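Asker: Chains as they are written, first to last, in UniProt numbering: chain A, 1 to 574; chain B, 1 to 574.
No residue lacks a Cβ here, since even glycine has one placed at the ideal position from N, Cα and C.
Note that the coordinates shown come from a computational prediction; the quantities given were computed from them, not determined experimentally.
I have a structure here, written as structure tokens, and I will follow up with some questions on it.
Number of protein chains: 2
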Amino acid sequence: MTNQSDMTNYLQTFVEGMISSGVEQAVISPGSRSTPLALLLHRQEQIKTFIEVDERSAAFFALGLSKASSKPVVLLCTSGTAAANYYPAICEAYASHMPLIVLTTDRPHELRQVGAPQAMDQFHLFQGHVKEFIEMAIPEGTKTMLDYAYWQGMRATDTACQVPKGPIHLNFPLREPLLPNLDRSLIAEKTTAILAGKKQLSKEQIINCVDAWQGKKGILVVGGNHTSEEAEVFIKLAETLNWPIISDPLANITTCGKNSPLIMSCADLFIQEVEMIQYPEVVVRFGMLPISKNTMFWLQSLEDKTTMYFVDETGEWQDQLKQTQVAIQVEEQAFVQTIIDKVEIKTVDSWSNQWITWQEVTEQQLNELSEMKTLNETSASLLVHKKMADNGQLFVSNSNAIRFLDRFSTAESNHYQLFGNRGINGIDGIISTALGMCAINPERQNVLLIGDLAMYHDMNGLLLAKRYNLPLTIVLLNNNGGGIFSFLSQRQLAAEDFEPIFGTPIDLDFSLVAQLYDANYVKAESLEQLAVLLETTQKQPAFQIIEVVGDRQENVQLYEKVMMELKEKLREKQ
Amino acid sequence: MTNQSDMTNYLQTFVEGMISSGVEQAVISPGSRSTPLALLLHRQEQIKTFIEVDERSAAFFALGLSKASSKPVVLLCTSGTAAANYYPAICEAYASHMPLIVLTTDRPHELRQVGAPQAMDQFHLFQGHVKEFIEMAIPEGTKTMLDYAYWQGMRATDTACQVPKGPIHLNFPLREPLLPNLDRSLIAEKTTAILAGKKQLSKEQIINCVDAWQGKKGILVVGGNHTSEEAEVFIKLAETLNWPIISDPLANITTCGKNSPLIMSCADLFIQEVEMIQYPEVVVRFGMLPISKNTMFWLQSLEDKTTMYFVDETGEWQDQLKQTQVAIQVEEQAFVQTIIDKVEIKTVDSWSNQWITWQEVTEQQLNELSEMKTLNETSASLLVHKKMADNGQLFVSNSNAIRFLDRFSTAESNHYQLFGNRGINGIDGIISTALGMCAINPERQNVLLIGDLAMYHDMNGLLLAKRYNLPLTIVLLNNNGGGIFSFLSQRQLAAEDFEPIFGTPIDLDFSLVAQLYDANYVKAESLEQLAVLLETTQKQPAFQIIEVVGDRQENVQLYEKVMMELKEKLREKQ
């Protein structure tokens with residue numbers, strides 16, 4: 001039998017270690033084995049706790065909290081399959097470098113491999129999708145073991161926060177009785193200061209980059225996972241070099257409020273259609289490839305004509321093209337700022353002007369398109385982008401939703417922050433992640449743009465909005481099924497193969513879902529109505545579902561029409 | 001680029017291998033990378049396919065199909081987090097020995113570790129919770145590789161079906177283009193016959209058991225995971241030896257329609273309360289410990305007074321008590337039948353009679369209890385047990401629901417099959433597993449007994465009922481929160497700690513849930529009304545939710561009243 005007071009001291013000291021390394025939030029799922037840690041976290045003044053019964057939603061919610069706060073977030077659950085429900089969010093967190101501190105509780109050694117209830121092997125439960133797995137010692141109250149508990153809490157949290165950031169899993173074997181002693185002071189006092197260095201290049205290496213880039217015909221290609229503030233620095237770099245900049249929507253280049261002509265927000269539409277007379281001498285990529293497949297194919301086609309630079313602090317070599325000639329492993333922002341300061345020669349306008357023209361022609365063509373003036377999934381997505389308030393937060397789902405934004409949205413004067421789950425691009429956990437984002441800044445405008453299948457996949461997450469009064473506006477693009485497949489090769493299939501396996505209509509009445517979770521519900525009937533609804537949201541955030549009824553075929557037809565007309569217009573300009 | 005025809009032949013041959021080893025059903029979640037396998041499974045006449053977008057529900061549904069059909073079931077999904085959603089059901093399948101054939105599809109080697117979208121490390125994704133992980137070769141069309149594909153399909157499925165049964169994970173790297181050639185014949189013809197031996201004891205070993213057991217004061221203790229047919233054989237063994245039999249609800253002893261006085265269905269209530277004058281000389285356990293904690297404590301208290309036999313074909317030593325003196329690793333049913341045939345000496349009635357009296361006193365006390373005549377969670381659970389049709393199927397959720405049945409239900413004349421997820425006892429995936437059970441025998445009465453938190457956790461599973469017209473009757477015990485904790489040590493906590501972390505009310509209107517998924521809905525207002533509803537279900541199965549509004553405190557009060565009165569009555573009898 002574990003001494004109640006020793007267990008309490010041990011676990012409380014562990015919590016204090018996590019606090020020392022920056023933990024401020026925890027998401028707890030109810031259970032019995034996790035009782036002492038749940039109570040200690042809940043009672044801890046320095047930690048804000050959230051409760052969610054469905055561990056899958058809980059973990060994605062923690063991911064959203066971490067994304068919007070840039071802080072490590074704790075997850076806690078009981079033993080058994082509860083923890084396995086965390087797995088999708090953990091895989092996403094590992095791929096997209098988010099620091100989750102995953103605490104699972106477990107039977108002690110004497111109750112393992114003996115058929116004890118709610119017990120399973122939790123060692124390395126999340127396989128290679130966490131940075132570390134740590135089996136904690138059975139709680140003891142000696143100074144040695146309290147030092148150890150503090151150290152693990154502090155060190156594991158810091159490890160999660162080091163580049164490349166990512167989740168850490170700690171497994172706690174706990175003996176009964178499980179009730180802690182709640183009389184102990186729950187104010188964390190011990191702290192360990194961490195002065196964390198960042199990767200920097202030498203002066204000589206920087207000068208070599210500047211010499212290799214300035215005055216050359218170049219392109220900046222910026223991947224996702226950047227804040228609006230970081231995006232502004234990239235745009236400044238583009239302007240300093242006079243290079244066009246192609247980016248992922250989640251790079252926040254088109255949402256940071258800087259409307260530079262060098263921003264090639266419609267590259268996906270035109271890049272494979274134009275006749276390239278001049279090729280880039282240099283491509284400088286930052287992080288993962290942007291979502292645009294056409295950009296990827298175009299980069300691939302450059303082959304040896306161009307010198308490829310790949311800037312990536314993580315050193316993970318996530319370069320799908322395998323074309324990197326110079327890999328730069330450095331903290332991006334300071335590096336980019338230094339380059340800006342050193343560049344003296346702009347590239348000639350003839351290089352950037354052709355790109356600016358292509359972007360302008362595309363923007364103009366989109367503006368003239370009659371379909372953009374009536375309500376459909378594409379126009380609705382664009383309108384959401386345009387109606388985001390300054391400092392607002394938009395979460396965009398995977399599959400079609402992010403592609404609508406990527407292809408059609410242009411830089412506007414509003415500056416807001418766009419989020420998404422682009423580590424592994426799943427359609428799972430989207431609502432919960434968006435609610436995590438919303439919980440960090442609930443006073444701002446918070447919007448989620450999502451399709452019906454992703455909405456269905458994570459409906460349980462809506463309970464968090466109800467429980468914590470999270471004023472998220474959900475713009476639901478409902479085409480009753482898997483709209484993305486109508487854009488892929490699967491569309492060649494006969495209907496009897498396509499509909500049941502890829503179309504997968506779910507026929508859900510989402511007004512009932514809204515009612516179930518106490519959300520307001522409106523079905524948008526026109527683009528004008530949607531505009532008014534979104535404008536209201538800017539000032540009066542509320543938990544609501546705005547449904548836009550779409551059509552899978554219509555989306556494809558609109559895209560094909562755009563491409564056909566655009567080809568024509570681009571040909572005229574050349 | 002993979003040759004389309006080679007890829008088709010390779011994957012089709014793999015599917016034929018699985019069919020040879022008994023695969024008849026597959027559950028597919030939509031995705032792009034999985035396209036060729038999805039289409040081949042869907043087109044295969046010998047395989048019935050189901051589609052479910054939420055992979056977590058899909059996997060539990062497959063588990064239910066496997067439970068009710070005693071057949072291996074295929075799961076298929078695309079790459080990335082999709083597969084991670086399978087994890088909870090896989091952990092449960094591994095712990096409860098269900099043969100799932102889990103097929104994940106993956107990027108080919110050249111697109112791994114390079115940041116390709118929807119790609120993550122899928123090697124050993126389910127860690128130690130599958131019997132085998134197999135990385136398949138890239139599809140090729142040579143005879144060698146077709147033989148290999150067939151072999152893996154046949155062999156992996158057979159491996160999943162060998163004792164101890166369990167899930168197998170095969171990961172398929174697939175290159176584009178992903179559309180298969182659907183002109184190929186999709187009738188599986190090649191087969192491999194498997195003559196599978198079973199573990200048997202020698203004649204001498206059997207005689208030693210018979211000699212050690214017959215005429216001795218003994219107890220049979222039967223764990224879960226047995227069919228009604230198997231249960232009858234255990235009861236026959238009890239009657240042959242004249243021993244009382246204590247069992248888990250999922251042993252189906254109390255549901256198999258044999259009402260023997262030796263069945264100690266209320267052991268959990270009386271076993272710690274009676275004064276034992278005679279101790280058992282022999283305890284023979286089959287499989288896992290029953291759910292009853294009081295039975296466990298009682299067995300533990302026997303220590304050296306009793307010789308403990310532990311019959312377990314798996315050889316996994318899942319004996320939490322660690323008291324086994326003789327471990328018998330043998331196929332249960334044939335072994336039990338042989339013992340029955342050889343036993344010649346019955347144990348004296350004075351041994352069994354005291355047990356029969358205790359059971360009778362308890363049954364009588366329960367019958368007299370006024371609370372059993374009005375509607376509450378306990379009485380509703382008992383009524384479900386009594387109103388199950390012959391050959392019906394009842395799925396019981398974990399946490400409180402199965403405990404109500406365990407404590408209070410007695411053997412009746414109806415014989416039906418009771419199912420549950422008692423590998424790791426999670427409250428996740430219950431609805432989907434029950435729907436899998438229902439899909440195997442939809443013409444029978446199919447009932448699910450579930451609490452509100454488990455219902456919420458797997459609400460997405462209800463889409464399967466809607467899509468496939470599965471006539472499941474859900475009896476929802478709604479006490480608005482985690483009712484189990486009111487029975488555990490956590491109830492000592494102050495309300496401000498208890499309610500948010502353990503009580504966790506979710507305040508959902510389940511009539512809306514019924515409406516969302518096209519289920520009928522009734523709120524039961526009386527025990528009589530519930531009886532009528534359940535009787536109708538016997539003849540006219542329908543997809544419906546019958547809500548029983550419960551109260552967490554009331555459940556505890558009822559239990560405490562039973563225990564208090566029972567103590568008194570048992571004392572009078574001694």
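With distances taken between CB atoms, is the gap from ALA137/B to VAL74/B smaller than 9 angstroms?
Answerer: no
Asker: Quick check on MET455/A: buried or exposed, where buried means 16 or more other Cβ atoms within 10 Å of its Cβ?
Answerer: buried
Asker: Would you report the Cα separation of ALA327/A and VAL284/A, rounded to the nearest angstrom?
Answerer: 10 angstroms
Asker: On the premise that LYS198/B lies in contact with HIS97/B, defined as a C-beta separation below 8 angstroms, what is that separation, rounded to the nearest angstrom?
Answerer: No, HIS97/B and LYS198/B are not in contact; Cβ-Cβ is about 15 angstroms, not under 8 angstroms.
Asker: When the cut-off is 9 angstroms and only beta carbons count, does GLY550/A lie next to chain B?
Answerer: no
Asker: Give, in chain order, every residue of the stretch 502-531 of chain A whose Cβ lies closer than 7 angstroms to some Cβ of chain B.
Answerer: Answer in chain order: PHE502, THR504, ILE506, LEU508, ASP509, LEU512, VAL513, GLN515, LEU516.
Asker: What residues match up with ILE245/B in a beta bridge as DSSP calls it?
Answerer: Partner(s): LEU220/B, ILE263/B.
Asker: In whole angstroms, give me the CA-to-CA distance for TRP355/A and LEU39/A.
Answerer: 59 angstroms
Asker: Taking only three categories from DSSP, how would you classify GLU239/A?
Answerer: helix
Asker: Could you tell me whether the Cβ of PHE485/A comes closer than 9 angstroms to any Cβ of chain B?
Answerer: yes
Asker: Pull up the CB-CB distance for SER260/B and GLU239/B, whole angstroms please, since I reckon it's below 8 angstroms.
Answerer: Sure, about 6 angstroms apart at Cβ, within 8 angstroms.
Asker: By a C-beta neighbour count over all protein chains shown, 10 Å radius and 16 as the cutoff for buried, is SER202/A buried or exposed?
Answerer: By the neighbour-count rule (16 or more Cβ atoms within 10 Å), SER202/A is not buried but exposed.
Asker: Just the C-alpha distance for GLN417/A and GLN113/B, rounded to the nearest angstrom, thanks.
Answerer: 29 angstroms
Asker: Starting from ARG403/A, trace the alpha helix (DSSP H) both ways and give me its first and last residue.
Answerer: 400-408
Asker: When the Cβ atoms of the stretch 84-104 of chain A are set against those of the stretch 285-301 of chain B, are three or more pairs found closer than 8 angstroms?
Answerer: no
Asker: Using 9 angstroms as the limit for Cβ to Cβ distance, is ASN208/A near chain B?
Answerer: no
Asker: How about residue 597/A and ALA401/A: are their beta carbons less than 9 angstroms apart?
Answerer: The shown model of chain A, from 1 to 574, leaves out residue 597/A, and the question about it has no answer.
Asker: Determine the chain B residues that contact ARG56/A at a beta-carbon separation under 8 angstroms, and present them in chain order.
Answerer: Neighbours of ARG56/A in chain B, taken as residues at a C-beta separation under 8 angstroms, are given in chain order as ARG56, ASN85.
Asker: Out of ILE219/A, GLN278/A, SER370/A, which has the shortest C-alpha to C-alpha gap to THR295/A?
Answerer: ILE219/A
Asker: Please confirm whether PRO88/B has its beta-carbon closer than 9 angstroms to some beta-carbon of chain A.
Answerer: yes
Asker: Who does TYR521/B pair with in a DSSP beta bridge?
Answerer: ILE545/B
Asker: Exposed or buried, ASP406/A, counting other C-beta atoms within 10 Å across all chains shown (16 or more means buried)?
Answerer: buried
Asker: Does any CB atom of chain A fall closer than 9 angstroms to the CB of ASP428/B?
Answerer: Yes, contact with chain A.
Asker: Less than 8 angstroms between the CB atoms is what I'm expecting for THR191/A and VAL23/A, so what's the real figure, rounded?
Answerer: Their Cβ separation, rounded to whole angstroms, is 12 angstroms, which puts THR191/A and VAL23/A out of contact at 8 angstroms.
Asker: Less than 9 angstroms separating the beta-carbons of PHE543/B and ALA524/B?
Answerer: no
Asker: Against chain B, which members of the stretch 449-477 of chain A pass a CB distance test of less than 7 angstroms?
Answerer: LEU453, TYR456, HIS457, MET459, ASN460, LEU463
Asker: Indicate whether the contact test is met: 3 or more Cβ pairs, each with one atom in the stretch 460-478 of chain B and one in the stretch 56-65 of chain B, closer than 8 angstroms.
Answerer: yes
Asker: Going by DSSP, what residues sit across from VAL233/B in a beta bridge?
Answerer: None; VAL233/B has no bridge partner.
Asker: Count the other CB atoms within 10 Å of the CB of GLN364/B; is the residue buried (16 or more) or exposed (fewer)?
Answerer: exposed
Asker: Helix, strand or coil for MET288/A? Go by DSSP, reduced to three states.
Answerer: coil
Asker: With 16 other CB atoms within 10 Å as the buried threshold, where does HIS109/B fall?
Answerer: exposed
Asker: Would you mind stating whether SER21/A and LEU103/A have Cβ atoms separated by less than 9 angstroms?
Answerer: no
Asker: For the 8 angstroms Cβ check, are there 3 or more pairs between the stretch 339-347 of chain B and the stretch 208-227 of chain B?
Answerer: As far as the Cβ criterion goes, the stretch 339-347 of chain B touches the stretch 208-227 of chain B, which means the pair count is three or higher.
Asker: Are the C-beta of LEU237/B and some C-beta of chain A separated by less than 9 angstroms?
Answerer: No, LEU237/B lies away from the interface with chain A (no Cβ there is under 9 angstroms from its Cβ).
Asker: So for ASN478/A, helix, strand or coil by DSSP?
Answerer: strand
Asker: In three-state terms, what does DSSP make of MET1/A?
Answerer: Any reading at MET1/A needs caution, since the residue's pLDDT is 49, under 50, leaving its predicted position unreliable; the model's value is listed next. Correct three-state label for MET1/A: coil.
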